[in-house]
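Residues 162 to 317 in the numbering used here are what the sequence shown lists, from first letter to last.
Virtual Cβ for every residue (Gly too), placed ideally from N, Cα, C.
Remember, predicted model here, so these are calculated numbers, not experimental data.
To keep things clear, I will list the structure first and then write my remarks on it.
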Amino acid sequence: MEQGKPILEARHETLAGVDLAVAAPSPAELPKLAGWNERRLASATPWLLVLPFNGRFASVGPLFLPGETCCYGCLVRRRAAALPDPEDFLELESTPAPYPVGRSLAAVLAGTASVVASRWLAREDAALAGAFVAFELDDGVRATRHRVLRVPRCHA
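Quick look at the structure:
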């Protein structure tokens, strides 16, 4: 990442030949993830998503493998379909988020992301592909693992 430049704008075109890219956007950068996904699909670069806490949960993953697993578009469509008003969710996804991310949760996310990235880079652990860990803080701290399937009509 270039010094002082937001992660999702930092030389994204130079990722050719990279074994794994990690996108850990700030809440304000969330609307840029769709473009990041398109560029990773075009370059066939595996990438790991780290989502900041949004008032409900934060997550590490999915680990996206272009052409093999779900993509970010699939994740968004699956999340929207699980809610009572999918259109409201899709509108929120395109709006920069104002919520803060606490340092302790940011440390948990960074540590978990480093474990996932290390396991992928060392062993290409297939159990990581298409899966994410959600960290919820509503009733204490809870971490749950989920798998995201490809959307059948997904163009990717």
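- Taking each of A295, S255, E199, S204 in turn and checking the Cα distance to P188, the smallest one comes out for S255.
- Look at V312 here: in three-state DSSP terms it is coil, with no helix or strand label.
- With a cutoff of 7 Å on beta-carbon distance, A283 and L181 are scored as not near each other.
- Collapsing the DSSP output to three states places R280 in a helix.
- Spatial neighbours of L191 in its own chain (CB-CB distance under 6 Å, excluding positions within 5 residues in sequence) are listed in chain order as A258.
- A buried status is given to R238, since no fewer than 16 other beta-carbon atoms sit within 10 Å of its beta-carbon.
- In this structure, DSSP gives E229 a state outside helix and strand, which the three-state scheme calls coil.
- 7 Å or more divides the Cβ of L226 from the Cβ of A241.
- S220 is the residue among S265, L244, S220 whose C-alpha sits nearest the C-alpha of E297.
- Per the coordinates, the alpha-carbon of A288 lies some 11 Å from the alpha-carbon of R306.
- Annotation: the continuous alpha helix (DSSP H) that includes E199 extends over 194-204.
- The continuous beta strand (DSSP E) containing V211 extends over residues 208-212.
- Boundaries of the beta strand (DSSP E) harbouring V183: 182-184, taken from the DSSP string.
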